[in-house]
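The sequence shown begins at 1 in the UniProt record's numbering and counts up by one.
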Amino acid sequence: QYKIKDPVNYLFNIILPEQTVRSAAEAALRQVIGERKIDEALTVGKYEIQEETKKLLQTLLDSYKAGILVVAVQLQDVNPPKEVQDAFKDVASAKEDKSKYINQAQGYKNDIIPKARGEAVKMTKEAEGYKIERIKKAEGDIAKFNSILTEYKKGESITQARLYLEAMEEILPNMNKIIVGLDENQPLINLLPLGDASIFAAPSKEVTK
1 QYKIKDPVNY
11 LFNIILPEQT
21 VRSAAEAALR
31 QVIGERKIDE
41 ALTVGKYEIQ
51 EETKKLLQTL
61 LDSYKAGILV
71 VAVQLQDVNP
81 PKEVQDAFKD
91 VASAKEDKSK
101 YINQAQGYKN
111 DIIPKARGEA
121 VKMTKEAEGY
131 KIERIKKAEG
141 DIAKFNSILT
151 EYKKGESITQ
161 ARLYLEAMEE
171 ILPNMNKIIV
181 GLDENQPLIN
191 LLPLGDASIF
201 AAPSKEVTK
């Protein structure tokens, strides 16, 4: 597309305006495409080729003093030779697939990285909470031990007995028990301390003839 910018030059400097513009456009287009790979003209480089051809065509027409202003250059149908059309279609399809896979991978990256960072933050917080919990428990155990130690120093025998009874309260509920039946007037058997096993010995029997 073009328009007249200088009527005098347009009328007197060129004899066949349409043919002049066509020939100059073909020359400019051949030069621009010749400097590029053919697959660019068929795919992503179409816009750049149009703009470069427009600039070069304007330069040529100005050198002719044609009085013409180039408005736009548009490539209508850009097709490779029939002999190689299938090959170019395969190349174009491969490039489209590549672009699709790249976009899919980028989408996966954008999705998985925030999730991974969130999991990392969660695990860090959980680990920190577990650390604080263990520290508090350890501090509590130390305080309990110090308290017992203080009481133990005040009265060793009493503390030993209390610790022993507390241990029995924890152990005995989980053990098998033997209930010893007593007569009404029979005194209770003292089972403490349990270290003296002689109290469980069977009584000796004297044989009387």
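Glycine included, C-beta positions come from ideal geometry on N, C-alpha and C.
Taking buried to mean at least 16 other C-beta atoms within 10 Å of its own C-beta, is residue i buried or exposed?
| i | result |
| --- | --- |
| residue 204 | Its pLDDT being 45, under 50, residue 204 is placed unreliably by the model, and the measurement read from it follows with that caveat. Residue 204 should be labelled exposed. |
| residue 172 | exposed |
| residue 2 | buried |
| residue 191 | Unreliable positioning characterises residue 191 in this predicted model, as indicated by a pLDDT of 49, which lies under 50. The coordinate reading is nonetheless provided below. Result: exposed. |
| residue 54 | buried |
| residue 73 | buried |
| residue 116 | exposed |
| residue 32 | buried |
| residue 25 | buried |
Residue i and residue j: beta carbons closer than 7 angstroms?
| i | j | result |
| --- | --- | --- |
| residue 6 | residue 67 | yes |
| residue 104 | residue 75 | no |
| residue 28 | residue 57 | yes |
| residue 65 | residue 9 | yes |
To the nearest angstrom, how far is the alpha carbon of residue i from that of residue j?
| i | j | result |
| --- | --- | --- |
| residue 47 | residue 62 | 23 angstroms |
| residue 164 | residue 157 | 11 angstroms |
| residue 11 | residue 71 | 19 angstroms |
| residue 96 | residue 109 | 20 angstroms |
| residue 140 | residue 101 | 57 angstroms |
| residue 210 | residue 86 | Summary: the structure shown does not reach residue 210, with the chain confined to residues 1 through 209, and so no result is reported for it. |
| residue 4 | residue 23 | 17 angstroms |
| residue 107 | residue 121 | 22 angstroms |
| residue 36 | residue 52 | 11 angstroms |
| residue 40 | residue 13 | 36 angstroms |
| residue 16 | residue 99 | 47 angstroms |
| residue 161 | residue 168 | 11 angstroms |
| residue 153 | residue 146 | 11 angstroms |
| residue 88 | residue 77 | 15 angstroms |
Residue i by DSSP, collapsed to three states: which one?
| i | result |
| --- | --- |
| residue 14 | coil |
| residue 69 | strand |
| residue 100 | helix |
| residue 3 | strand |
| residue 117 | helix |
| residue 36 | coil |
| residue 77 | coil |
| residue 205 | With a pLDDT of 45 at residue 205, under the threshold of 50, the modelled position of that residue is not reliable, and no figure is offered here. |
| residue 129 | helix |
| residue 45 | coil |
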